[in-house]
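First the structure, in the form of structure tokens, and then the observations on it.
Residue numbers (the numbering used here): 35 to 132.
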């Protein structure tokens, strides 16, 4: 049973006991409702922090992958231009020698 379920059970028990007891029990119930509200707020904050952390980790992994791919792309560009340059040099040398 979660904390929220325990608090809700307490509220239901107090509502059952509240008939004919007036303001004091009403204040206790309001206090319990605030406790549930505080629990919900804390849980939402925890989940928000967890999601932010997971997104940050995911984005960091994605960034690292993009940096690696960028390095590969640079090497492909260098190899392509080196290949083009070697073909041009080959034909220039061939034309000079002929």
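Heads up, the beta-carbon is just placed ideally off N, CA and C, and yes, glycines get one too.
Alpha-carbon spacing of residue 44 relative to residue 63, whole angstroms = 9 Å
State yes or no: is the C-beta of residue 66 within less than 9 Å of the C-beta of residue 48?
-> yes
Looking at the structure shown, is residue 132 part of a helix, part of a strand, or coil, going by DSSP?
-> coil
Residue 36 in three-state terms, based on DSSP = coil
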